[in-house]
Amino acid sequence: MRLLLVQPSPFENGRLGLENVLWLSEPVALTSLAAMVRDEHEVRVLDMRLEQADALPRVLDEFRPDLVGVTSMTTDAYQAKAVLHCAKSILGSGVFTLIGGHHPTLAAEEHDEAYIDAICIGEGEETFLELVEHLAAGGEREALDGIDGLQFRRGDERIATGKRGQARALDTFPAPARDLLDAYAGAYFFGPAQGMVSIQTSRGCAFDCNFCAIWEFYEKKVRFLSARAIVDRMEAAPEKFVFFLDDNFLTHRGRMEELLDEIERRGVKKHWMIQGRTDFVADNPDLVKRFAKAGLSMVLSGYETNDQDVLDSLEKGATREQNLAASRLLNDAGVLTTGIFMVRPEFEEPDFERLYAAINEMKITIPLVVIHMPLPGTQSYRAAGDTLLTRDARLFDLLHAVVPTKLPRAEFYRHYARWNQATMASTRGSLGLGFLRKRPRLALDVWPGMKLFTRRREMVRRIMEDPESYLRDEYEIIGHDLEQVETPREPALQTQS
Amino acid sequence: MTILTPQAPPQRKETWLDRLEREVQTHPGVNHLLLSRLATGPYTRRDYRVFGLQHVALVGFFTRYMELLLLRAPSSTEKLWLAKVLVAEYGEGSDGDDHETLYRRFLAAAGAHEAEMDATPLCPEVWAFVREHLRITSQEPFLVGLGALGPGHEWAIPKMFAHIIPGLIRAGFSAEERLYFDLHTEQDIDHGAWMTEVLSLLVTSDEGREQVRRGARLSLEARYRFWTGVEREIVAWRQPVSMDAARAGLHVGGAVRASAQSVASPGDRRALNATVQDFRLGAPR
Chain B
7 MRLLLVQPSP FENGRLGLEN VLWLSEPVAL TSLAAMVRDE HEVRVLDMRL
57 EQADALPRVL DEFRPDLVGV TSMTTDAYQA KAVLHCAKSI LGSGVFTLIG
107 GHHPTLAAEE HDEAYIDAIC IGEGEETFLE LVEHLAAGGE REALDGIDGL
157 QFRRGDERIA TGKRGQARAL DTFPAPARDL LDAYAGAYFF GPAQGMVSIQ
207 TSRGCAFDCN FCAIWEFYEK KVRFLSARAI VDRMEAAPEK FVFFLDDNFL
257 THRGRMEELL DEIERRGVKK HWMIQGRTDF VADNPDLVKR FAKAGLSMVL
307 SGYETNDQDV LDSLEKGATR EQNLAASRLL NDAGVLTTGI FMVRPEFEEP
357 DFERLYAAIN EMKITIPLVV IHMPLPGTQS YRAAGDTLLT RDARLFDLLH
407 AVVPTKLPRA EFYRHYARWN QATMASTRGS LGLGFLRKRP RLALDVWPGM
457 KLFTRRREMV RRIMEDPESY LRDEYEIIGH DLEQVETPRE PALQTQS
Chain C
2 MTILTPQAPP QRKETWLDRL EREVQTHPGV NHLLLSRLAT GPYTRRDYRV
52 FGLQHVALVG FFTRYMELLL LRAPSSTEKL WLAKVLVAEY GEGSDGDDHE
102 TLYRRFLAAA GAHEAEMDAT PLCPEVWAFV REHLRITSQE PFLVGLGALG
152 PGHEWAIPKM FAHIIPGLIR AGFSAEERLY FDLHTEQDID HGAWMTEVLS
202 LLVTSDEGRE QVRRGARLSL EARYRFWTGV EREIVAWRQP VSMDAARAGL
252 HVGGAVRASA QSVASPGDRR ALNATVQDFR LGAPR
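Protein chains in written order, with the working numbering: chain B, 7 to 503; chain C, 2 to 286.
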């Protein structure tokens, strides 16, 4: 069989999202699926974030796949659907269309569409393998009952099969088929770290923050790749930069020590970046130094807020003091920090100012201020109920207030849009000669990507610092009068040239 | 395995027209991602207003292309067939409402003012589409023109509009407001059938078939660029003016994607109308 796996572009060309500006990781979900079936079938991976829009219809027509699969986060939801719609449009009803990933798993009911043959619920590898084997053997597409982890169409009915267990040891899965991304070599990045391999070393999270759905997706189970397998994958990649995709890499001390032992023993010299909790960093200062020596170059953490009461209400399980200690320890060790902070819909002007001041005090290298929102699939989404102003997936991008704000929306966004300018001191405080002295090789290796990063950052700056951007995105979606906003891009008002 | 073979193969032997129709139906111009996005995503009336203020520029010009081609038809046989379609395009079968009237109704429902329909700057791809079709119907061999207006239009439009209609319904347009689109999914199927007939009668040589195919492809490539331009306008209106400068030259994803095209408009619909009406056979391109 010919199988085409597509990573959708989160937005149409020209529309910006945080992901494409700061961080573009490999579509590991798709290369992991591909690895399960590639020995028996011809598989292609198309990353629409890095392609022109015509690539999809051209590849569909030329490759003529038997199955088209697409993965979807919440903000990708409509683009992912468009991919499958396009597949049916070109290839007809004969092509089998499959959607999976975070959003379809947690909001399957939104994907009950005639052009979607099946939804993969939860972890995909084994479900995908069984589905492809079934179809390749000539099995009926409406007789998928024996394959756990699916919802599929039978006539007008949507059938849910049994629950897919998520217990298989990660080391027993084949390594993702990275070679299927050769066309995009060098294109993946985090900040100025251009040319980066993405590796997932664990799945799930042991914490249950009420604004996050990761632990619900993985049913609060956590599984790990062995240290040996992690370092195998680091060594196999030609890239200098490694991004560990784990939602929380810093899990327990024993695992970290084992990994460090393996990296040191094998003499791996790579810059690696992780997502991890501040409380772990704060509680393990000795490990931080060892991490830095072994190549840890950046830690992305959810600092969330400067307010302990709010941290408690989020059921975060970390303290403000731990946040401060973590940023200090990482700065001292020459490890760059990316900190995510949340403004809340009830914020008033002093709250914004206090948050920005707190960020500057922490000296985070790349601060990112997002808007707290109930994400689909989370406890807080279910609790939000009628207070949600929209269920339009595009606005669940952490950049829009999807529940009412205490301030008038225009004023709320005016304060919010200042965050980048208001937190410049944080970046300046983190970087400088001290960093160059501590990490000269890292500074040298990120230098080639700095120009592109600066240009990308400049693009996002222009849109993010303009409060109108947020209001325009909401127009006719979250009701407020656009006439209050100047409309320089209205077609009728454009200047002719 | 048979279950996954796209579309059951036809029982009769596949003709060149079957192959051409498949080529049209699978062309990126007919399957532009914008169309699938409109079909599946929650675009608003204001988005459709931006869409329509660009798309309206194409409405009404089809008859001009047909007139140009009619003048160049090699015999009365071809003229008769073309005239049939042309009469319908002038408004027959639309209860007295010509295409432009129907489109104005749609645009009004989308919130566009009457004056905007003529005064809105058109994106370069709209101009390019119209100029390309004037060129094809006036300078290319007759059968290339026939390929562009027949397979390139009449076979393509029903499928493209069928993608647009679900989005219009989702955005709350009534049946009356979207009549222009509904009509074309029905009427152009008839026109397409006429075209099939005329093509099978008139095109008997390999060279002629290749000319028809070339015409269809030229038209669809222009169509692909047209949808890309329209999509850019739909995205752009929600962005601050400062994004214009930023967009020119860099894709956010990095190294692979080519630079964005210029978005400067060559002019509005009045200017385009004048260009089309002043166009004469033999005029320089």
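For each residue, glycine too, the CB sits at the ideal point set by N, CA and C. Predicted, not measured: the structure shown is a model, and the values here were computed from it.
Between the C-alpha atoms of S204 (chain B) and F249 (chain B), what's the straight-line distance to the nearest angstrom?
Counting from 1 along the first sequence, the entry for residue 204 (chain B) is found at position 198. Counting from 1 along the first sequence, the entry for residue 249 (chain B) is found at position 243. Using only the alpha carbons, I get a separation of about 5 Å.
Just checking: is the beta-carbon of H91 (chain B) within a distance shorter than 9 Å of some beta-carbon in chain C?
Within the first sequence, numbered from 1, the residue matching residue 91 (chain B) stands at position 85. It does; some Cβ of chain C falls within 9 Å.
Nearest to F223 (chain B) by alpha carbon, out of B:R462, B:E263, B:M79, B:F459?
Position 217 of the first sequence, counting from 1, holds the residue named residue 223 (chain B). That would be B:M79, whose Cα lies nearest to the Cα of F223 (chain B).
Grab me the residues of Q314 (chain B)'s own chain with a C-beta within less than 6 Å of its C-beta, minus the 5 sequence neighbours each way, in chain order.
Along the first sequence, read from residue 1 onward, the residue named residue 314 (chain B) stands at position 308. Excluding positions up to five away in sequence, the list reads R326.
Of the residues B:L374, B:A332, B:A183, which one's Cα is nearest the Cα of R50 (chain B)?
By one-based count along the first sequence, residue 50 (chain B) stands at place 44. Selected option, being the one with the closest Cα: B:A183.
My output table needs one value for M279 (chain B): the three-state DSSP class, helix, strand or coil.
Residue 279 (chain B) sits at position 273 when you count from the first residue of the first sequence. Three-state result, M279 (chain B): strand.
What's the gap between the Cα of P244 (chain B) and the Cα of I220 (chain B)?
Mapped onto the first sequence, residue 244 (chain B) falls at position 238. Mapped onto the first sequence, residue 220 (chain B) falls at position 214. Taking the straight line joining both Cα atoms gives about 30 Å.
What span of residues does the beta strand (DSSP E) with V74 (chain B) cover, start to end?
One-based indexing of the first sequence puts residue 74 (chain B) at position 68. Its beta strand (DSSP E) spans residues 73-77.
Going by other Cβ atoms of all chains shown within 10 Å of its Cβ, with 16 needed for buried, is L231 (chain B) buried or exposed?
Working through the first sequence from its first residue, we reach residue 231 (chain B) at position 225. Under this definition L231 (chain B) is a buried residue.
Chain C partners of P63 (chain B), CB-CB under 8 Å?
The residue labelled residue 63 (chain B) in the question sits at position 57 within the first sequence. Within 8 Å Cβ-Cβ: T27, H28, P29, N32, H33, L34.
Short of 7 Å in beta carbon distance, which residues of its chain neighbour V34 (chain B), apart from the five on each side in sequence? Order them along the chain.
Counting from 1 along the first sequence, the entry for residue 34 (chain B) is found at position 28. For V34 (chain B), where only same-chain residues beyond five positions count, the Cβ hits under 7 Å are P182, S204, Q206, L251.
Between the alpha carbons of A364 (chain B) and I346 (chain B), how many angstroms are there, rounded?
As a position in the first sequence, residue 364 (chain B) is number 358, starting the count at 1. As a position in the first sequence, residue 346 (chain B) is number 340, starting the count at 1. The alpha-carbon atoms of A364 (chain B) and I346 (chain B) are separated by roughly 12 Å.
Taking just the CA atoms, how far does E310 (chain B) sit from D318 (chain B)?
For this step, residue 318 (chain B) is matched to residue 312 along the first sequence. For this step, residue 310 (chain B) is matched to residue 304 along the first sequence. Cα to Cα, D318 (chain B) sits roughly 11 Å from E310 (chain B).
Less than 8 Å between the CB of F255 (chain B) and some heavy atom of the ligand ADP, yes or no?
Looking for the ligand ADP in the displayed structure turns up nothing, as the structure carries no ligands at all.
Please name the residue or residues paired with C126 (chain B) in a DSSP beta bridge.
The residue labelled residue 126 (chain B) in the question sits at position 120 within the first sequence. B:L156.
Which partner residues does P373 (chain B) have in the DSSP bridge list?
The sequence position of residue 373 (chain B) within the first sequence is 367, counting from 1. Beta-bridge pairing links P373 (chain B) to B:G345.
Can P380 (chain B) and F213 (chain B) be called in contact, C-beta distance under 9 Å?
Counting from 1 along the first sequence, the entry for residue 380 (chain B) is found at position 374. Counting from 1 along the first sequence, the entry for residue 213 (chain B) is found at position 207. In this structure, F213 (chain B) does not lie closer than 9 Å to P380 (chain B) by Cβ.
Of all the CB atoms in chain C, is at least one closer than 9 Å to the CB of A88 (chain B)?
Your numbering for residue 88 (chain B) matches position 82 in the first sequence. Judged by the 9 Å Cβ criterion, A88 (chain B) is in contact with chain C.
Answer with buried or exposed for S432 (chain B), where buried requires no fewer than 16 other C-beta atoms within 10 angstroms of its C-beta.
Looking up residue 432 (chain B) in the first sequence gives position 426. Under this definition S432 (chain B) is a buried residue.
Between L541 (chain B) and the rest of its own chain, which residues show a CB-CB distance below 8 Å, the 5 nearest in sequence each way excluded?
With chain B covering only 7 through 503, there is no way to say anything about residue 541 (chain B).
Looking at the unbroken beta strand (DSSP E) that takes in A166 (chain B), where does it start and where does it end?
Here residue 166 (chain B) is taken as the residue at index 160 of the first sequence, counted from 1. Where A166 (chain B) is concerned, the enclosing beta strand (DSSP E) stretches over 163-166.
In chain order, what residues of the stretch 92-122 of chain B put their CB closer than 7 Å to some CB of chain E?
Looking for chain E here will not work: the only protein chains present are B and C.
Along the stretch 207-225 of chain C, where does the CB come closer than 7 Å to a CB of chain B? Name the residues.
For the stretch 207-225 of chain C, which is checked against every Cβ of chain B, the residues closer than 7 Å are Y225.
In angstroms with no decimal places, state the Cα-to-Cα distance between R271 (chain B) and L330 (chain B).
Here residue 271 (chain B) refers to the residue found at position 265 of the first sequence. Here residue 330 (chain B) refers to the residue found at position 324 of the first sequence. When rounded, the distance between both Cα atoms is 33 Å.
Alpha carbon to alpha carbon, how far is V341 (chain B) from V305 (chain B)?
Taking the first sequence and counting its residues from 1, one reaches residue 341 (chain B) at position 335. Taking the first sequence and counting its residues from 1, one reaches residue 305 (chain B) at position 299. Using only the alpha carbons, I get a separation of about 7 Å.
How big is the Cα-Cα spacing for L374 (chain B) and G155 (chain B)?
Stepping through the first sequence from its first residue, residue 374 (chain B) is reached at position 368. Stepping through the first sequence from its first residue, residue 155 (chain B) is reached at position 149. Cα to Cα, the separation comes out at about 35 Å.
Grab the span of the beta strand (DSSP E) containing V49 (chain B) for me, first residue to last.
Numbered from 1 along the first sequence, position 43 holds the residue referred to as residue 49 (chain B). That run of the beta strand (DSSP E) goes 48-53.
Distance check for V145 (chain C) and V199 (chain C), CA to CA, integer angstroms please.
The sequence position of residue 199 (chain C) within the second sequence is 198, counting from 1. The sequence position of residue 145 (chain C) within the second sequence is 144, counting from 1. Each residue's Cα considered, the two are about 14 Å apart.
Which residue or residues does DSSP assign as beta-bridge partners of A199 (chain B)?
In the first sequence, residue 199 (chain B) corresponds to position 193, counting from 1. Per DSSP, B:F196.
Does the beta-carbon of Q500 (chain B) have 16 or more other beta-carbons within 10 angstroms, so that it is buried, or is it exposed?
Walking along the first sequence from the start, residue 500 (chain B) turns up at place 494. Interpretation of Q500 (chain B) is limited by its pLDDT of 33, a score under 50 that renders its predicted location unreliable; the figure taken from the coordinates is listed afterwards. With 16 or more other Cβ atoms within 10 Å, it is buried.
Give the DSSP-derived three-state secondary structure of Q385 (chain B) in the structure shown.
One-based indexing of the first sequence puts residue 385 (chain B) at position 379. The answer is helix: DSSP assigns Q385 (chain B) an H, G or I state.
Return no unless some Cβ of chain B is closer than 9 Å to the Cβ of K85 (chain C).
Walking along the second sequence from the start, residue 85 (chain C) turns up at place 84. No, K85 (chain C) does not count as interfacial toward chain B.
For R171 (chain C), decide whether its Cβ has a neighbour in chain B, counting only Cβ atoms nearer than 9 Å.
Here residue 171 (chain C) refers to the residue found at position 170 of the second sequence. For R171 (chain C), the answer is no, since every Cβ of chain B falls outside 9 Å of its Cβ.
Beta carbon of G106 (chain B), beta carbon of T77 (chain B): below 9 Å?
Along the first sequence, read from residue 1 onward, the residue named residue 106 (chain B) stands at position 100. Along the first sequence, read from residue 1 onward, the residue named residue 77 (chain B) stands at position 71. Yes, Cβ-Cβ distance for G106 (chain B) and T77 (chain B) is below 9 Å.
Which residue's Cα is closest to the Cα of A114 (chain B): B:L150, B:R443, B:A428, B:Q157?
On the first sequence, position 108 is the one that residue 114 (chain B) refers to. Here the closest residue by C-alpha is B:Q157.
Does chain B have any CB closer than 9 Å to the CB of K160 (chain C)?
The residue given as residue 160 (chain C) occupies position 159 in the second sequence. Closer than 9 Å: yes.
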